[in-house]
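I have placed the structure first, in the form of structure tokens, so that the comments after it can refer back to it.
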Amino acid sequence: MLSSLDTMGPLLKNAAAWASSNANKVAVGWNAHAETLVDYLISQTAFVSDRYTDAGEVKFNCLSVDQVQLLVLIGQDKAIGQYAASIRNFIRAGGGVIIAAQAWYWSYTNPIARHPNNILTAPLGLVLTGDAFESGFTFAISAPPSQISNAFVAVKCLEDSCLGKKASACYTEDQGQLASMMRSMTRAAEFAPATSAFMTRLATVAARTAWYKGLPPNQLPAAPDAKFFPELPPAGTKALDAARVKIKGTTADSYWQGLGLWAMAGQPVTVTIPQALLRALPVGSAPITLHIGGWTDNIYKDRAEFTRLPEMVRFYTVSSARTVIGSAFGGLIYITLPEGLKLADQTITVTGAIKAPVMTEGMTAKQWAAVLAASPAPWGEVVTSKLVISTPRSSLATVTDPVLK
1315 MLSSLDTMGP LLKNAAAWAS SNANKVAVGW NAHAETLVDY LISQTAFVSD
1365 RYTDAGEVKF NCLSVDQVQL LVLIGQDKAI GQYAASIRNF IRAGGGVIIA
1415 AQAWYWSYTN PIARHPNNIL TAPLGLVLTG DAFESGFTFA ISAPPSQISN
1465 AFVAVKCLED SCLGKKASAC YTEDQGQLAS MMRSMTRAAE FAPATSAFMT
1515 RLATVAARTA WYKGLPPNQL PAAPDAKFFP ELPPAGTKAL DAARVKIKGT
1565 TADSYWQGLG LWAMAGQPVT VTIPQALLRA LPVGSAPITL HIGGWTDNIY
1615 KDRAEFTRLP EMVRFYTVSS ARTVIGSAFG GLIYITLPEG LKLADQTITV
1665 TGAIKAPVMT EGMTAKQWAA VLAASPAPWG EVVTSKLVIS TPRSSLATVT
1715 DPVLK
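Next up, the structure:
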């Protein structure tokens, strides 16, 4: 969201001009809470031949560039994710979109990939992060920015280069020449020189993270440091042939559910979901996702040393009844269901995982002892009607009587 229209207003006006291709007449539609931005845009540009007119709040299921040429949206609106395909079709037809959004609060409790803004724009190559720039984090500028910093100029240069127009200032004969030009436009961060031990360590961490995120599940190794965190099950622990888990079939909101199972480090796990559940997904809804590990925090920020990889969770999108997942570190397995499902509870089958100790509200001491003995995973959960807590098995093992007194 724009923090101050007085200081950020010029950005909004320039963005509107760019997104509408500098058209003379632009009907502007908006979603909930974005009306203030549109009012400001119209008030500030009224002297430009009444370029912008208010088309009112839009309905995403019937967008048309004949009625609206520019959308101004607040990105946290869940409808953006639900109707992402419709909005992308609007863009393909020539419509423009401006989105104001932040994700720092969202990322505390939800995967950032599930943010409505990212459901819409990730297929277009644009993503919103949960981080923010610190105030005072600036770089000195020794010269005015290059003309290529302007989007229109950059696109024209790209077009000229692709067409082989050597007269273009942006034309390059080879990639080496282009790389040299790009390096000349960058400046190393003074707080951490590229040659420092920290940056070398960071490069190693980033490379490992990318490797573990990119390998197919059946090619993932067990990370050598998984024995330290999140730890490993006892040696010789065998995976379950088929565990049947009941999940919700009706969802009023996005629903994150633990399966009570643990994926072992470097071992693929197969999750089979009923076809009826896939067919019942609302049109335009977010997909069903699976992920391994509950540590969705990102600890890159403000760290000079890492005691574990900053990103350990791996997400998988469910696109068919059978999905193979895996993690180099292992972790509790979770499923996220989109809002709008209207089915009875469903049963899924998980092969290749092991049981995790799950203490549920109302469980007796005898029942808990039996669950703990039969569940070798190094992490488990405490599940109540109000909240769910993930915690190491060592902590759970200290509880001998789960009944609150």
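The sequence shown begins at 1315 in my numbering and counts up one residue at a time. Virtual Cβ for every residue (Gly too), placed ideally from N, Cα, C.
- Runs of the alpha helix (DSSP H) lying entirely within the segment 1334-1402, each at least 4 residues long, are 1349-1358 and 1392-1396 in chain order.
- As the crow flies, the alpha-carbon of W1332 is around 37 Å from that of V1627.
- Collapsing the DSSP output to three states places M1673 in a strand.
- Remark: C-beta atoms of K1656 and A1594 approach each other more closely than 9 Å.
- S1641 counts as buried, since no fewer than 16 other beta carbons sit within 10 angstroms of its beta carbon.
- An exposed status is given to H1347, since fewer than 16 other beta-carbon atoms sit within 10 Å of its beta-carbon.
- Counting of Cβ neighbours within 10 angstroms places E1625 among the buried residues, the total reaching 16 or more.
- Setting aside the 5 residues that flank it on each side, H1605 is surrounded in the same chain by V1627, F1629 and Y1648, each with a C-beta closer than 6 Å to its C-beta; the list follows chain order.
- Checking the DSSP bridge columns, you'll see K1560 partnered with T1661.
- Contact annotation: I1662 and V1583 have beta-carbon atoms that are not nearer than 9 Å.
- With a cutoff of 9 Å on beta-carbon distance, A1540 and L1546 are scored as near each other.
- Cβ contact annotation for A1341 (same chain, cutoff 6 Å, sequence separation greater than five): T1367, A1369, V1382 and Q1383, in chain order.
- Taking T1565 as reference, the option from T1650, T1631 and P1530 with the minimal CA-CA separation is T1650.
- For the pair of segments examined, the segment 1659-1679 was found to touch the segment 1699-1710: the number of CB pairs separated by less than 8 Å reaches three.
- Nearest to W1420 by C-alpha distance, out of P1690, L1442 and A1683, is L1442.
- Taking 9 Å as the cut-off, the beta carbon of A1417 is found closer than this to the beta carbon of I1426.
- DSSP lists no bridge partner for Q1681.
- A straight-line Cα-Cα distance of about 46 Å links N1432 and K1680.
- Judged by DSSP in its simplified three-state form, G1528 adopts helix.
- For W1693, the enclosing beta strand (DSSP E) starts and ends at W1693 to V1697.
- Residue P1716 holds the alpha-carbon nearest to the alpha-carbon of A1684 among T1665, P1716 and E1653.
- V1713 has no beta-bridge partner at all, per DSSP.
- Taken through DSSP and simplified to helix, strand or coil, P1706 comes out as strand.
- Per DSSP, Q1571 is one residue of the beta strand (DSSP E) stretching across Y1569 to A1577.
- Distance from the CA of S1633 to the CA of Y1569, rounded to the nearest whole angstrom, comes to 18 Å.
- If the five residues before and after G1645 are omitted, its C-beta is found closer than 8 Å to the C-beta atoms of P1544, W1576, A1577, I1606, G1607, G1608, W1609, M1626, V1627 and W1693, all from its own chain and listed in chain order.
- Per DSSP, V1469 is one residue of the alpha helix (DSSP H) stretching across A1465 to C1476.
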